[in-house]
Every structure is written in structure tokens, then in C-alpha cells.
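In UniProt numbering, the protein residues as written are 1 to 323. Have a look at the structure below before the remarks.
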Amino acid sequence: MSQETVYAIASGKGGVGKTTTTVNLGTALAQAGERVAIVDADLGMANLAGFVSLSADSTTLHDVLADDAPLEDATYEITDNILAVPSGTGLSEYADISPEGLRDVVSELREEFDYVFLDVGAGISHETVLPLGLADTVILLSTPEPAAVHDAKKTLELTERSGGDVAGLVLTRTHPDSDVSHDEIAARLETPLLATVPEDPAARESVYAGTPLVVYSSEGPAATAYRRLAAQLVGIKVPEPATQTATEGDTTGSEDDTDEADDTDETDAPADSSEADDAAGGDSSDDDEDEPATAEPATGESGSREAAHDDVSSAITEAESDT
Numbered sequence: 001m002s003q004e005t006v007y008a009i010a011s012g013k014g015g016v017g018k019t020t021t022t023v024n025l026g027t028a029l030a031q032a033g034e035r036v037a038i039v040d041a042d043l044g045m046a047n048l049a050g051f052v053s054l055s056a057d058s059t060t061l062h063d064v065l066a067d068d069a070p071l072e073d074a075t076y077e078i079t080d081n082i083l084a085v086p087s088g089t090g091l092s093e094y095a096d097i098s099p100e101g102l103r104d105v106v107s108e109l110r111e112e113f114d115y116v117f118l119d120v121g122a123g124i125s126h127e128t129v130l131p132l133g134l135a136d137t138v139i140l141l142s143t144p145e146p147a148a149v150h151d152a153k154k155t156l157e158l159t160e161r162s163g164g165d166v167a168g169l170v171l172t173r174t175h176p177d178s179d180v181s182h183d184e185i186a187a188r189l190e191t192p193l194l195a196t197v198p199e200d201p202a203a204r205e206s207v208y209a210g211t212p213l214v215v216y217s218s219e220g221p222a223a224t225a226y227r228r229l230a231a232q233l234v235g236i237k238v239p240e241p242a243t244q245t246a247t248e249g250d251t252t253g254s255e256d257d258t259d260e261a262d263d264t265d266e267t268d269a270p271a272d273s274s275e276a277d278d279a280a281g282g283d284s285s286d287d288d289e290d291e292p293a294t295a296e297p298a299t300g301e302s303g304s305r306e307a308a309h310d311d312v313s314s315a316i317t318e319a320e321s322d323t
């Protein structure tokens, strides 16, 4: 099993699928029986709050970082084996926090959970750079678009300056008929290509269904890519859907190990979950009627607050307003 347990999901540009990747990698490992925590480390622009249908007085990571509440009060159970620590959504809450407190948060979660995923904000700021050095390793995310790749290079450099380590690159929204070589993009960034996540119409559908892609379309190419990436990262077996054949949906891109994952450039064309970023993020103001009513979450058996089942319906929609 991998000795790395804390992963930062980062990119230089918003809208490339950081939150989708965080949620689906975490869910895939939870399905394998691992205890997983996902943390909204984007302290300025909260992405995971929709998972727990926060009310105005709900406890969030901002309260923890302001020394107003213990971490357990800001931890919400999403479903079996996976919990979320959302950030607050108010500017006044953000003004009161001390980002340095994230060190203690990560340390505490590391002791309690098998794996921790940090959903890192885009851009260059102290609170953006800090998680890059706190994680055991950073998963660099980008689409094949030149602007996204350019910004990914900046994130890679920031990670190195913060003392962090980059595990490799995950390319989202890939197309089989593209004339862009994914291996060349990784070579340009001087980092391994971990996987490619192809375009998949189910990604948009899963947003509005309120279910992680690995659950909503478990046999789809993008879901398969996320599931196999999760297995590759931590070195464990992640269950395949019962009806899926051994060769169906082989979508993770790896130039060195075709037995474990095939490069999706030549095999699949569905949309990765980051399509949901554009779908929801570009028009989030029109989705109010789809958001669940704010209510205090119930308390689960583990002592963490438990999100209602319907909360997930706005979780990815709200989370994917990654700008």
C-alpha cells in the first residue's frame, strides 16, 4: 500500500475538474472500504459546502481555523466511509481565519482517516500554496488546452517552492481524435502522466442527479478512469462494477503500464467530470431551485454530522462552480 495518505488536488486554472476529481477519487476509495476525508482547502471560494446543505449557522472549516470550533464539529458524513470538511461561504468568515491552522487540521485528519484529499483553490495566494506543502503529494490537474497547461506549470513550480512533491499529471476532458499528444504535455511539464479522463456525457448528468460519477455511471469511461486512478495512487484494488468486463472502459492513460490502464486518447470519447465544472460553474445562478433547503445535518453513528441523502444533489453542482 502507498505510504502517501494526504493528496492535494491542484491546478492553476479553475474549471478543470478539481472538485470532481476530489469527490470521485475519494468515493472510489470509500467503495473499497477505505476511510476517506475530503477537505475544501479553497478557503476563499468554498466548493464542497453543497455536500452538507449548510445553514447560516453551520460549523465549517472557517470556524475551526478561527479557533471558534473543534474540527469534529465541521466534519460531515456524506455516505459510508467518506466525510467532508467544507469551508464557509461568507467573506466575513474568511476574514477571520488563520490559514496556518490548516496544518493542524491535516495532521488530525491524517491520524483518523486512511486517506485525505485536499481540494485546493486555483491561483496564487498563501492559502493556495499552503496545502501544496502540507500534502504528501500533489496531483496536478489540467485540460489539454494551452491556457490550462500554462497555468498548471505555475502550480508545479509553486509546489516545488513550497517543499511539496508532484505525483504527476491528470488530464481531463480528453478526446480520442485530438491532435495534441498527452504524453508530450506531460513531458513539457516534466512530470509523469498519471491518467487521462475522457469526455463523458454522464458527467453532466451526474451533476444534476447529485451523485458522484463513479456511482452514477459506474461503467462509463470517465468513472472507470477515476476508479483506476484511485487504485493506482494508493496501490489497492478498487472494486469494478459487477457487470463490467475486464477490458471495458479502460481509460486511464499510462505510457508505461498498458496492462493496468490504457491511454484514452485512442479508445474513448466521453466527457470527464470537469465538463460538469462548465455546466454548473458557468450558470450556477440559474440552479437555485435545484439546491436543497438549508437544514442542520443529522448526527451519524460515527459522531460526525451526517448529510441528508438529497444534499448530494446540489453537492457537485455547487462544488463545480470552480472559477
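Beta carbons: idealized from backbone N, C-alpha and C, even for Gly.
Counterpart residues of residue i in DSSP-defined beta bridges
| i | result |
| --- | --- |
| Asp165 | Paired residue(s): none; Asp165 is not in a bridge. |
| Asp151 | DSSP lists no partner for Asp151. |
| Asp40 | Asp119 |
| Leu134 | Paired residues: none, contrary to the question. |
| Val214 | None; Val214 has no bridge partner. |
| Thr159 | Answer is none; Thr159 lacks a bridge partner. |
Reduced DSSP category for residue i - H, G, I as helix; E, B as strand; rest coil
| i | result |
| --- | --- |
| Ile185 | helix |
| Glu199 | strand |
| Asp104 | helix |
| Glu240 | coil |
| Ser142 | strand |
| Thr79 | strand |
| Ala8 | strand |
| Val85 | strand |
| Thr224 | helix |
| Leu229 | helix |
| Leu171 | strand |
| Leu193 | strand |
| Asp73 | helix |
| Lys18 | helix |
| Gln3 | coil |
| Ser206 | helix |
| Val234 | helix |
| Val23 | helix |
| Val180 | coil |
| Thr128 | helix |
| Lys13 | coil |
| Asp63 | helix |
| Leu48 | coil |
| Arg35 | coil |
| Asp256 | Low confidence applies to Asp256: its pLDDT is 40, below 50, so where it sits in the model is not reliable, and the reading given next is rough at best. In this structure, Asp256 counts as coil in the three-state DSSP scheme. |
| Glu219 | coil |
Rounded Cβ spacing between residue i and residue j (contact assumed at less than 8 Å)
| i | j | result |
| --- | --- | --- |
| Ser107 | Leu65 | Rounded, the Cβ-Cβ distance is 14 Å, inconsistent with contact. |
| Val197 | Ala222 | 5 Å |
| Ala186 | Thr137 | Incorrect: roughly 16 Å between the Cβ atoms, too far for contact. |
| Asp119 | Thr5 | The Cβ separation is near 16 Å, so there is no contact. |
| Ser162 | Ala152 | That pair is no contact at about 16 Å. |
| Glu169 | Thr191 | Residue 169 is actually Leu in this sequence, not Glu. With a Cβ gap of about 5 Å, Leu169 and Thr191 count as contacting. |
| His175 | Glu199 | 6 Å |
| Pro241 | Ser218 | 4 Å |
| Asn81 | Glu34 | 6 Å |
| Leu229 | Leu102 | With a Cβ gap of about 25 Å, Leu229 and Leu102 do not count as contacting. |
| Asp114 | Val36 | 7 Å |
| residue 326 | Ala202 | Residue numbering for the chain in the displayed model covers 1 to 323; residue 326 lies beyond these limits and cannot be assessed. |
Minimum Cβ-Cβ distance from residue i to chain B less than 8 Å
| i | result |
| --- | --- |
| Ala32 | No chain B appears in this structure, which consists of one protein chain only. |
Assess, as a yes-or-no matter, whether the region 36-46 is touched by the region 80-90 under the definition of 3 or more beta carbon pairs within less than 8 Å. yes
Validate contact between the region 28-36 and the region 146-158 using beta carbons, cut 8 Å, 3 pairs: no
Assess contact between the region 112-132 and the region 34-42, defined as three or more Cβ pairs (one per stretch) separated by less than 8 Å. Is contact present? yes
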